[in-house]
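Notes follow once the structure below has been shown.
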């Protein structure tokens, strides 16, 4: 991934090519690897065909960090489920979990009962690298911030 320019390409001999790009006019949010979570500032394509990408706006719960991808008849949801991991769900069924390393590389753990498809692999890795994995709920950040201002009596 080119963080400065906000372009990520996932490709390989057995998977479709997925490209996620940040609009060159968009500002860069350093908390998001791709640089933004604003849908109108992002594009995604699978084998050069445009698909729909809908990132959530972070809020008080982890679920608000979810990213939805509509690719033809298939709907993917990429949702943080802990501080460090996110799950990939295809049409309501969990396919796998992802964790990113400090280097920006992602690692997948596929569900044993899932029928993992090449598109699942490409979309999952693209979302993991573009948006990172896991999320700390904002309410916990608020408690930490409040605690910093409260002094013991």
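Residue numbers (the numbering used here): 11 to 163.
Idealized CB from N, CA, C, for every residue including glycine.
If the five residues before and after residue 25 are omitted, its C-beta is found closer than 6 Å to the C-beta atoms of 128, 131 and 132, all from its own chain and listed in chain order. Under the DSSP definition of a beta bridge, residue 24 lacks any partner.
Following the DSSP letters along the chain, one finds residue 133 inside the alpha helix (DSSP H) bounded by residues 128-141. Residue 76 sits in coil when the DSSP states are folded into three classes, being neither helix nor strand.
If you draw a straight line from the Cα of residue 141 to the Cα of residue 122, it comes to about 25 Å.
In the structure shown, the three-state DSSP call for residue 60 is strand.
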